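As numbered in mature numbering (1 follows the signal peptide of the UniProt record, and there is no 0), residues -20 to -1, 1 to 191 make up the sequence shown, in order. Beta carbons: idealized from backbone N, C-alpha and C, even for Gly. These figures come from a predicted structure and were not determined experimentally. So the structure is just underneath, and the comments pick up after that.
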Amino acid sequence: MNKFSLVLLAFFLPVATSFGDTPEKMFLEQVYANGGKTLYCQEAFQADDRVSLEHIYDERRLAQHFGCRTSRLCQSSHQFVEVSRDRHSLFPVTRHAELDRRRTLLGDLPATTATDPQCGYKQAFQVFEPPKSAKGDVARAMLYLYDRYDIPLLGTLEMYQRWHRDDPVDDEERRRNNVIEQVQGNRNPFIDDPNRADSLQGSSPLNMQFP
C-alpha cells in the first residue's frame, strides 16, 4: 500500500469506526440503556442501534456565540465543549428528522404548512416546528441552556414558555432527568419545577439569526 493510500485510510477509518467509541454512543448507553423513542418521530430504538443525536442548540450558532467560525474550530474552547456535551441538551432522533432539522431555527409555522407524514413536524423557510409531543421537551432543554450557561435563546422566550405549557413534563422526561443526574451530576430544574419557566425574562425577542 502506497503512502497516499495510507493517508486516505487514516483519514476515513475514524469516521467509519468512531461511532462505537464517541461521547454520543456513550450517551445512548448511559441514558437509554433499556432503549427509548426518538424525540420527534417517537420511533423505538435500542441503545446499540445507530441512532442520530441532535443538539437542541445548533452547534454552528453556539460556535459563533463563542467567537468561532465552526464547531470544529471551537473544540479548544472549554465553554463550548461543556455546553455542546451537556446531556440535558442531547436527544436521539431519526436520520430523516435530523436532515430536516439541520440549519433551521425553531419556530411556529402557519397552520397551512405541510406536516411531515411520518413524524408530525413542520419544516419550511429554514424554520422547524416540532410536533406537539416534543415541544415541551425542546423548550425545557433550551430554557435550561439559556438559564445555566447564559447563552442567547434561538427563538423567542414567549414561544418556549408557551411550548412548555402546551406539552407538560411526562414520566419519560422525569426518568431521563434522573439518569442524567446520576451520570452528569445535575438536573434540569425546568423539569422538576415547571413554574420556573414563567419566571424567566428575555432581553430580545430573537437573539440570533442566520448569518
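Nonlocal neighbours in the same chain, by C-beta distance under 8 Å from residue i, ignoring five residues either side
i: VAL149; result: GLY116, ARG120, ILE171, PRO174
i: GLN181; result: LEU137
i: VAL63; result: TYR37, LEU42, SER69, LEU125, TYR129, ILE131
i: PHE25; result: TYR12, GLY15, GLY16, LYS17, THR18, VAL31, PRO72
i: ARG154; result: ILE171
Supposed close pair residue i, residue j - CB separation, criterion 8 Å
i: ALA94; j: LYS102; result: 7 Å
i: CYS48; j: GLN98; result: Going by Cβ atoms, the distance from CYS48 to GLN98 rounds to 34 Å, so no, they are not a contact pair.
i: ARG56; j: PHE46; result: Contrary to the premise, residue 56 reads as Ser rather than Arg in this sequence. Rounded, the Cβ-Cβ distance is 10 Å, inconsistent with contact.
i: THR18; j: THR74; result: 5 Å
i: GLY100; j: MET139; result: Not a contact, Cβ separation roughly 18 Å.
Per-residue burial, residue i [other beta carbons within 10 Å of its own, 16 or more giving buried]
i: LEU79; result: exposed
i: ASP151; result: exposed
i: ALA177; result: buried
i: ASP146; result: exposed
i: GLY81; result: Gly is not the amino acid found at residue 81; the sequence shown has Arg there. It is buried - the Cβ of ARG81 has at least 16 other Cβ atoms within 10 Å.
i: SER69; result: buried
i: VAL(-6); result: Summary for VAL(-6): the model assigns pLDDT 31, below 50, so the residue's position carries little reliability; its value from the coordinates is reported in the next sentence. Its Cβ having fewer than 16 others within 10 Å, VAL(-6) is exposed.
i: PRO110; result: buried
i: ASN168; result: buried
i: PHE190; result: With a pLDDT of 36 at PHE190, under the threshold of 50, the predicted position of this residue should be treated as unreliable, and no value is reported.
i: LEU(-8); result: Low local confidence applies: a pLDDT of 34 at LEU(-8) is under 50, so the model's placement there is unreliable, with the coordinate-based value given in what follows. Under this definition LEU(-8) is an exposed residue.
i: ALA91; result: exposed
Cut-off 7 Å between Cβ atoms - residues of its own chain near residue i, not counting five sequence neighbours on either side
i: THR84; result: GLN103, GLN106, VAL107, PHE108
i: VAL11; result: ARG67, ARG156, VAL159, ILE160
i: GLN141; result: ALA177, ASP178
i: LYS112; result: ASP146, ASP147
Residue i: CB within 8 Å of a non-hydrogen atom of the ligand MG
i: TYR126; result: What this structure holds is no ligand at all, so the ligand MG is not there to describe.
Counterpart residues of residue i in DSSP-defined beta bridges
i: THR95; result: LYS102
i: ALA24; result: LYS17
i: PRO72; result: LEU33
i: VAL149; result: The partner list for VAL149 (beta bridge, DSSP) is empty, contrary to what the question assumes.
i: PHE60; result: Its beta-bridge partners do not exist; DSSP assigns none.
Close beta carbons around residue i, own chain, < 6 Å, minus the five adjacent residues each side
i: GLU9; result: ALA27
i: VAL163; result: GLN10
Decide if the stretch 45 to 63 is in contact with the stretch 15 to 34; the criterion is three or more beta carbon pairs, one per stretch, under 8 Å apart. Short answer: they don't touch.
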